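Scroll down for the structure; my scribbles are underneath it.
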Amino acid sequence: MDTASQDLARLSVAFITLGCAKNEVDTTHMRARVAEAGYALADDPADADAVVVNTCSFIQAATEESLEAIFDAADLPQVASGRAKLVVAGCMPARYGDELASELTEAGAFVPCSREDDIAAVLAEVIGAPSQGGVAGPAAEDKLAGVSAYVKISDGCDRFCSYCTIPYIRGRYRSFPLDEVRAEVDDLVARGAREVVLIAQDTGRWGADFDDPSTLAVLVTSLAEEHADTWFRVMYIQPEGLTDELLDAVATHDNVCSYFDIPFQHADAGILRAMNRTGSGAEFNDLIARVRQRIPQATLRTTLIAGFPGETDEQFEDLCTFVEEADLDYIGVFPYSREEGTRAYDLAEQVDDDEKADRAQRLRDLSDAVCTPRVAARIGRTLDVLVEGREEDGQLFGRAMCQAPEVDGVTYLESGEVGEVRRVVIGDTLLYEMEGA
Ligand code: SF4
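The opening position of the sequence shown corresponds to residue 41 in my numbering, with each subsequent residue numbered one higher.
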């Protein structure tokens, strides 16, 4: 029997993923478990025997988007007729538990994040066991989607920021062992990854929870030295995680992007305390200066929340002043989202929705006004650009080390092969996009 006929005979499973890169990584792991168990992986949910929707419910807007995807999947003819089964996985079952199960009768099973390794056993219950053995290898049926890949180095979070649902959804912080991370990186590099982006809710804490504690600097050093031709990039370093040891590890390895994504969330000490976070605008400015002193060419990104409960006009103005004065390259802005089950949900003085949206927009406009000249200041500089692909019109694009995937724009270039790193002179910029030859 040829491969196509074998696949026709096998029960097949399709995945739909909502949310952030961390959820994409979880889907990749579930796909590997499913392939190992002997199911075929279907690209098109309309052709599958089971459709797994990996949900996000970090904030209300994400929950609504996930619900829409679940209802779309439930409306697929073979699901609606009962010939295929719907499985809801990820953050929503973790956050809403039995309440979700009683309301979403369209679903045949629920798999919260903590049980994602059991996905094959759950599928066996709802669509039956596969008729043949699995495919060897952790991701044997998965092709790498591009030249850049995400690797999750821990899950959960212990910080309990007062606005955040993650510790309730994902549980306590747990670092993944060095050997596990290393094996995943080895596999991705062998399959063509030229950039590995290390992610977690709190990357800077990696290793602190081991019996024999380790650090993110040790992890980054180990990976960078094992794969000298691969770029490494670390996202989501909480301010406390930015140690001198980490700065040294980044500064001394050319293949580690000198890129620091540090979520400050606010600059007013009072608001930060109400968020159950530490720091102040002055401390964050000192931290930025410390990074720039050690690595002058470093790129710094942060995220900020506008309209947190109790945020006065004066505190918001202070946040605007921080944005104007802080030496940051990229700033992501979000309006505060009031989430049931969090401590901030019950705080008095919730800011009106329109006011939150206005403040967020003002902060975004201000961030653009401050950051885009910094991007334009790269004109004339020679940067390494990892060639990623072509757009529909044939235009070649890639990213420089100062551009993280999905958030910082791309660099358009004239020539190069996908997967290659080119030396490019930046000739022009448009907002956050760069162009070079
Ligand atoms: S550090 Fe991030 S994931 Fe953890 S509680 Fe705070 S906002 Fe949520």
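Idealized CB from N, CA, C, for every residue including glycine. Note that the structure is predicted; figures quoted are calculated from it, not measured.
- The continuous stretches of alpha helix (DSSP H) do not include L116, and DSSP gives it neither H nor E.
- For P133, the enclosing alpha helix (DSSP H) starts and ends at C131 to E143.
- A417 and L426 have their C-alpha atoms some 20 Å from each other.
- Excluding residues up to 5 positions away in sequence, L282, L287, F300, A338 and L340 lie with their Cβ nearer than 8 Å to the Cβ of V331 in the same chain.
- The Cβ atoms of V74 and A124 lie no closer than 8 Å to each other.
- Proximity to ligand 1 was defined by a C-beta distance below 5 Å to any of its heavy atoms, and the residues meeting it, in sequence along the chain, are C197, R199, C201, C204, I206 and Q241.
- The C-beta of D392 has fewer than 16 other C-beta atoms within 10 Å across all chains shown, which makes the residue exposed.
- Going by beta carbons, I209 and R155 fall outside the 8 Å limit.
- CA-to-CA, the gap between V296 and G196 works out to about 25 Å.
- Between A102 and P170, the C-beta spacing is not below 8 Å.
- In the three-state reduction of the DSSP assignment, Y208 falls in the helix class, which pools H, G and I.
- Fewer than three Cβ pairs drawn from the stretch 218 to 232 and the stretch 97 to 114 lie within less than 8 Å of each other, which leaves the two stretches out of contact.
- Around the beta carbon of L368, 16 or more other beta carbons lie within 10 angstroms, which makes this residue buried.
- Between Y370 and E379, the CB-CB gap reaches or exceeds 8 Å.
- At a cut-off of 3 residues, the continuous stretches assigned as beta strand (DSSP E) that sit fully inside the stretch 45 to 100 are 52 to 57 and 90 to 95.
- Under the three-pair Cβ rule at 8 Å, the stretch 424 to 441 does not count as touching the stretch 409 to 416.
- CA-to-CA, the gap between A440 and S188 works out to about 12 Å.
- Annotation for V410: no beta strand (DSSP E) segment contains it, though the alpha helix (DSSP H) segment containing it runs D393 to A416.
- Excluding five sequence positions before and after A309, the CB atoms of its chain that fall closer than 7 Å to its own CB belong to S320, given in chain order.
- For M474, the beta-bridge partners assigned by DSSP are T451 and T469.
- Excluding its 5 nearest sequence neighbours in each direction, F324 has C-beta neighbours in its own chain below 6 Å: F304, listed in chain order.
- Looking at the DSSP output, D301 sits in a beta bridge with R341.
- According to the DSSP secondary-structure assignment, D195 is paired through a beta bridge with R214.
- Residue pairing by DSSP places L238 opposite V191 and V274 in a beta bridge.
- Comparing alpha-carbon positions, the option among A86, C201, C442 and I110 lying closest to R273 turns out to be C442.
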